[in-house]
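Worksheet: the structure to be examined is printed underneath.
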Ligand SMILES: [Zn+2]
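In the working numbering, the protein residues as written are 19 to 230.
Structure below.
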């Protein structure tokens, strides 16, 4: 019983045929080739379907599988699909979060937390006295103009490390755009002191034609 988390390899594969590889036949099921990103790492879950039935992927931390609710028998063939526009928006916001983090680190800031949900995307740093949006925005714009490649690799101890060119590397289990040129309208919208931290709010979308 092995599940392959395809979403880690290909952000842009949003529909495929697979089969149920584990279930209790009644309340939960897991697919073999899994394109569903479960909520985690500050990134929301995909909007997902098995056949015509909408499902809500979650990580089952006890079993280590991404599972959905529903009565699906083991071995049953299923068509899995996610909302492509939402997937690309989530990937863009999340990748932009890495980029904003990199922009802060380049100024010597220490990241404390991140949230990449639509409408509330932000990266929080340990409080810094003089923090302005302009230098962050310039850093972000430069990296996007350079169209740095976004790549994931496994470290020697089995962690998935995501890199933005040579600019930034971080352990991460999220979905990312193919290269920073896939990002559109990344704007640092606010830099504010909040609860002992410096909060950088931002917006981002995916460029119209995604990597095929
Ligand atoms: Zn990531």
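Every residue, glycine too, gets a C-beta built ideally from N, C-alpha and C.
Task: Member of 152, 213, 23 and 33 whose CA lies at the smallest distance from the CA of residue 5 - done: The structure shown does not extend to residue 5, since the chain is modelled only from 19 through 230, so no value can be given for it.
Task: Which of helix, strand or coil DSSP assigns to residue 224 - done: Counting from one through the chain shown, the residue named residue 224 turns up at place 206. Of the three classes helix, strand and coil, the one that applies to residue 224 here is strand, per DSSP.
- [ ] With a threshold of 16 other CB atoms inside 10 Å of the CB of residue 226, please say whether the residue is buried or exposed.
- [x] Looking up residue 226 in the chain shown gives position 208. Burial call: exposed.
Task: residue 158 Cβ short of 6 angstroms to ligand 1 heavy atom set - done: On the chain shown, residue 158 is found 140 positions in, with the first residue counted as 1. Flag unset: Cβ of residue 158 not near ligand 1.
- [ ] Check residue 230 in the structure and name its three-state DSSP category.
- [x] Taking the first residue of the chain shown as 1, we reach residue 230 at position 212. Legend: pLDDT at residue 230 = 47, less than 50; position of this residue unreliable, value from coordinates given subsequently. The answer is coil: DSSP assigns residue 230 none of H, G, I, E or B.
Open item on the list: In the DSSP assignment, the beta strand (DSSP E) including residue 1 goes from what residue to what residue?
Closed with: Residue coverage of the chain in this structure runs from 19 to 230, which leaves residue 1 outside it and unanswerable.
Task: Opening and closing residue of the alpha helix (DSSP H) in which residue 162 lies - done: Locating residue 162 in the chain shown gives position 144, where the first residue counts as 1. Taken as a continuous stretch (DSSP letters only), the alpha helix (DSSP H) holding residue 162 covers 151 to 163.
Task: Inter-residue CB distance, residue 187 and residue 201 (contact presumed, cutoff 8 angstroms) - done: For the purposes of this step, residue 187 is identified with residue 169 of the chain shown, where counting begins at 1. For the purposes of this step, residue 201 is identified with residue 183 of the chain shown, where counting begins at 1. The Cβ separation is near 18 angstroms, so there is no contact.
Task: Sequence-distant residues of the same chain with beta carbon closer than 8 angstroms to residue 39, five excluded per side - done: Counting from one through the chain shown, the residue named residue 39 turns up at place 21. Excluding residues within five positions, the ones whose Cβ falls inside 8 angstroms are 19, 20, 21, 48, 49, 50 and 92.
Open item on the list: Less than 6 angstroms separating the Cβ of residue 168 from some heavy atom of ligand 1?
Closed with: Working through the chain shown from its first residue, we reach residue 168 at position 150. No, since every heavy atom of ligand 1 falls outside the 6 angstroms radius drawn around the Cβ of residue 168.
Open item on the list: DSSP three-state label for residue 36, please.
Closed with: In the chain shown, the residue the question calls residue 36 occupies position 18. DSSP places residue 36 in the strand class (E or B) of the three-state scheme.
Open item on the list: With a threshold of 6 angstroms on Cβ separation, who are the neighbours of residue 181 within its own chain once the five nearest residues in sequence on each side are excluded?
Closed with: Working through the chain shown from its first residue, we reach residue 181 at position 163. Sequence-distant Cβ neighbours of residue 181 in its own chain, meaning closer than 6 angstroms and more than five residues away, are 169 and 187.
- [ ] Quick one: measure Cβ to Cβ for residue 142 and residue 124, integer angstroms, because I've assumed they're closer than 8 angstroms.
- [x] Start at 1 with the first residue of the chain shown, and residue 142 comes out as number 124. Start at 1 with the first residue of the chain shown, and residue 124 comes out as number 106. Wrong, their Cβ atoms sit about 16 angstroms apart, outside the cutoff.
Open item on the list: For residue 118 and residue 30, which I take to be in contact (beta-carbon distance under 8 angstroms), what is that distance rounded to the nearest angstrom?
Closed with: Working through the chain shown from its first residue, we reach residue 118 at position 100. Working through the chain shown from its first residue, we reach residue 30 at position 12. 23 angstroms between Cβ atoms; not a contact.
Task: Close-in-space but distant-in-sequence residues of the same chain around residue 53 (CB under 7 angstroms, 5 per side omitted) - done: Counted from its first residue, the chain shown places residue 53 at position 35. The residues are 24, 25, 31, 32, 34, 98 and 100.
TODO: Might you give, ordered along the chain, the residues of its own chain that have their beta carbon closer than 7 angstroms to the beta carbon of residue 71, omitting 5 neighbours on each side?
DONE: Working through the chain shown from its first residue, we reach residue 71 at position 53. Take residue 71, set aside five residues on each side of it, and the residues of its chain with a beta-carbon closer than 7 angstroms to its own are 88, in chain order.
Task: Cα-Cα separation between residue 136 and residue 107, rounded to whole angstroms - done: As a first step, residue 136 must be located in the chain shown, where it is residue number 118. As a first step, residue 107 must be located in the chain shown, where it is residue number 89. Taking the CA atoms as reference points, residue 136 sits about 8 angstroms from residue 107.
Open item on the list: Considering only their Cβ atoms, is the gap separating residue 178 from residue 191 smaller than 7 angstroms?
Closed with: The residue given as residue 191 occupies position 173 in the chain shown. The residue given as residue 178 occupies position 160 in the chain shown. Yes, these two residues count as a Cβ contact at 7 angstroms.
Open item on the list: Based on DSSP bridge pairs, tell me the residues matched to residue 186.
Closed with: Within the chain shown, residue 186 is the residue found at index 168, counting from 1. Beta-bridge pairing links residue 186 to 182.
- [ ] Would you mind sorting residue 203 into buried or exposed? The rule is 16 or more other CB atoms within 10 Å of its CB.
- [x] Here residue 203 refers to the residue found at position 185 of the chain shown. Exposed: under 16 other Cβ atoms inside 10 Å.
Open item on the list: Rounding to the nearest angstrom, what Cα-Cα distance links residue 139 and residue 133 in this structure?
Closed with: For the purposes of this step, residue 139 is identified with residue 121 of the chain shown, where counting begins at 1. For the purposes of this step, residue 133 is identified with residue 115 of the chain shown, where counting begins at 1. Those two C-alpha atoms are separated by around 5 angstroms.
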